[in-house]
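In what follows, a single structure is set out as structure tokens and then discussed.
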Amino acid sequence: MLIAGNWKMFKGPSETRAFADAFDSPEGVDVVICPAYVSLAAAVEGGLTTYAQNVHWAPEGAFTGEISAPMLRELGVQGAIVGHSERRQLFGETDEGVARRAKAALEAGLGVIACVGESEEEREAGQTELIIRLQVESIRDAVGAHERLVIAYEPVWAIGTGKTATSDQAQEVHAFIKGLVDVPVLYGGSVKPENADELLSQTDVDGALVGGASLEVESFTAICRSAARIRS
Ligand code: PGA
263 MLIAGNWKMF
273 KGPSETRAFA
283 DAFDSPEGVD
293 VVICPAYVSL
303 AAAVEGGLTT
313 YAQNVHWAPE
323 GAFTGEISAP
333 MLRELGVQGA
343 IVGHSERRQL
353 FGETDEGVAR
363 RAKAALEAGL
373 GVIACVGESE
383 EEREAGQTEL
393 IIRLQVESIR
403 DAVGAHERLV
413 IAYEPVWAIG
423 TGKTATSDQA
433 QEVHAFIKGL
443 VDVPVLYGGS
453 VKPENADELL
463 SQTDVDGALV
473 GGASLEVESF
483 TAICRSAARI
493 RS
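Using my numbering, read the sequence shown as starting at 263 and increasing by one per residue.
Right, here's the structure in full:
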């Protein structure tokens, strides 16, 4: 089981240090923290397994505002999220760009959490599998079932909304994704201590990508404990 905390644009270095000091990772679960770029060094120094929230496909170049995989490696960062729905929706990232980012990160030796998920309109229009297929296949065709690749299924309508997919909805999509590429699949979208047991108990749910509830040590620890309990 892997529990990843996506801090989005929260916590600078000092709050990151405070979290690292207070957080004690429970036994029996892999835990990753994904802070903002400016807080990566503090997270690494604080002993956290640290992933970035994005990574560029080129090793270096004229790409203002971007960060490369070798730069992350130099800092002691062990992986990166790619294709988060906020990147896709708010910053125009495409399936093709996401696949390129994933490929470059894996080739540089980083782990990758590649996010996929349908919007509310797409789900209502019965297009969930179509959208998931397009997103997953573009990543799979670029990198295959790489041993450091993890997919995160995050229905866009469940992110930061308090609406969670039911465990049956999650299980169904997770099984579908595994039929396309055989890698671990995390669930993301309003995961909280109260719903973690139920979601993480599903056969094809291999962990969680947690946003809001990863910002507090107490709630994040509770979710990590659920994962450790369920695996044992
Ligand atoms: P949330 O975010 O847990 O706050 O819904 C999840 C994510 O965006 O990764």
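Using N, Cα and C, we set each Cβ at its ideal position, and we do this for glycine too. Note that the structure is predicted; figures quoted are calculated from it, not measured.
Exercise. Alpha carbon to alpha carbon, what distance is there between Glu307 and Glu383?
Worked result: Glu383 and Glu307: Cα-Cα distance of roughly 42 Å.
For this session: Could you give the DSSP three-state label for Ser452: helix, strand or coil?
Result: When secondary structure is reduced to three states using DSSP, Ser452 falls in the coil class, being assigned neither helix nor strand.
Exercise. Straight-line CA distance for Glu416 to Thr483?
Worked result: Taking C-alpha positions only, Glu416 is separated from Thr483 by approximately 21 Å.
Exercise. Do Leu442 and Phe272 have their CB atoms nearer than 7 Å?
Worked result: For the pair Leu442 and Phe272, the CB atoms are not nearer than the 7 Å cut-off.
For this session: Report whether the distance from the Cβ of Arg471 to the nearest heavy atom of the ligand PGA is below 6 Å.
Result: The displayed chain sequence assigns Leu, not Arg, to residue 471. Yes, the Cβ of Leu471 comes within 6 Å of a heavy atom of the ligand PGA.
Exercise. Say the cut is 6 Å; is the CB of Ser452 nearer than that to a heavy atom of the ligand PGA?
Worked result: True, at least one ligand heavy atom lies under 6 Å from that Cβ.
For this session: Since I believe Leu310 is in contact with Ile329 (beta carbons under 8 Å), could you give me their beta-carbon distance rounded to a whole number of angstroms?
Result: Not confirmed; about 18 Å, so no contact.
Exercise. Which ranges would you report for the alpha helix (DSSP H) in the region 299-342 if only whole runs of at least 4 residues count?
Worked result: Here the runs fully enclosed are 302-307 and 331-337.
Exercise. Is there at least one non-hydrogen atom of the ligand PGA closer than 6 Å to the beta-carbon of Ile421?
Worked result: Yes, the Cβ of Ile421 comes within 6 Å of a heavy atom of the ligand PGA.
Exercise. From the DSSP output, which residues share a beta bridge with Ala266?
Worked result: Under DSSP, Ala266 shares a beta bridge with Val294 and Leu471.
For this session: Consult DSSP for Trp396 and reduce its assignment to one of helix, strand or coil.
Result: Residue identity check: residue 396 is Leu in the sequence provided, not Trp. If DSSP states are grouped into helix, strand and coil, Leu396 belongs with the helices.
Exercise. Cβ-heavy atom distance between Gly474 and the ligand PGA below 6 Å?
Worked result: Yes, since a heavy atom of the ligand PGA falls inside the 6 Å radius drawn around the Cβ of Gly474.
Problem set entry | Between the CA atoms of Gly473 and Asp283 - distance to the nearest angstrom | So the alpha carbons of these two residues sit roughly 20 Å apart.
For this session: Have a look at Glu480, Gln397 and Val339 and flag the residue whose alpha-carbon is nearest the alpha-carbon of Ile439.
Result: When Glu480, Gln397 and Val339 are compared, the shortest CA-CA separation from Ile439 is found for Gln397.
Problem set entry | Straight-line Cα distance separating Val435 from Arg402 | About 16 Å.
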